[in-house]
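Residue numbers (full-length UniProt numbering): 433 to 589.
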Amino acid sequence: RAIPVHDLLEGVVERFQLQAAKQELSLRVHLPQRREVCVHGDEDMVNRVLDNVLSNALKYTPPGGRIDVRADVAAQHVTFIISDTGIGIPPEDLPHVFERFYRVEKGRSRRGGGTGLGLALAREMVERMGGEIRMESELQRGTTVYVTLRRAEEDAA
Ligand code: ATP
Ligand code: MG
């Protein structure tokens, strides 16, 4: 199915806006110029992936921080980019964060807790849709997650 990128971005930001405000985080969305751009995938799954990534951004970013959500549109693919100014991930942990039950614990508060499944599930869903998810992070500076899905030709209804 073809899902409009605009709707996905607006939806995910809407779902987290209140929580972000409560945590004194600035959550901003940057919508692509072309409203008709779509991705291939299961709408429910894409939303669950974006929710998992956004929930991490909120959980691991201290008050006063900032979260940006955007989409990079290419000829064949669309990459959702979620960046935060949070605590970041140590380089030695970064290769493992997509493993089931893996959590970085060194020197961080366990506020919110978690099971360490969010990213493992996100990767599973993204791969089932033929896409790719990767992460860049710098300790004490922030984290950026890239979710790439196949672009669909169809216009939004
Ligand atoms: P769950 O998602 O199951 O509630 P979780 O958030 O701990 O628990 P994942 O979402 O799989 O688990 O993330 C794995 C680990 O990667 C986290 O425990 C955290 O240490 C680290 N992590 C993930 N996203 C971020 C982020 N945006 N900033 C800093 N650390 C992160
Ligand atoms: Mg999580």
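Where a beta carbon is used, it is the ideal one built from N, C-alpha and C, also for glycine.
| Asked | Found |
| --- | --- |
| Burial state of F512, where buried means 16 or more other Cβ atoms lie within 10 Å | buried |
| Nearest residue (CA-CA) to R480, options E570, R573 and V558 | V558 |
| Between the CA atoms of T576 and V469 - distance to the nearest angstrom | 22 Å |
| Whole-angstrom distance between R583 and E556, CA atom to CA atom | 19 Å |
| Cβ-based burial, D504 [other Cβ within 10 Å; buried from 16] | exposed |
| Straight-line gap, R466 to H438 (C-alpha atoms, nearest Å) | 9 Å |
| Per-residue DSSP class, three states only, for R480 | helix |
| For D500, three-class secondary structure by DSSP | strand |
| Same chain, Cβ closer than 7 Å to G562, five either side skipped, listed in chain order | R582 |
| Exposure label - T547; buried when at least 16 CB within 10 Å | exposed |
| Reduced DSSP category for K440 - H, G, I as helix; E, B as strand; rest coil | Residue identity check: residue 440 is Leu in the sequence provided, not Lys. DSSP places L440 in helix when its eight states are reduced to three. |
| CB contact flag (G574, G497, <9 Å) | yes |
| Cβ shell of R532 (< 8 Å), same chain only, five flanking positions each side left out | G548, L549 and A552 |
| R460 vs I499 beta-carbon contact at 9 Å | yes |
| Contained alpha helix (DSSP H) runs [length at least 4] in the segment 523-582, N- to C-terminal order | 550-560 |
| Bridge-paired residues (DSSP) for T517 | DSSP output for T517 lists no bridge partner at all. |
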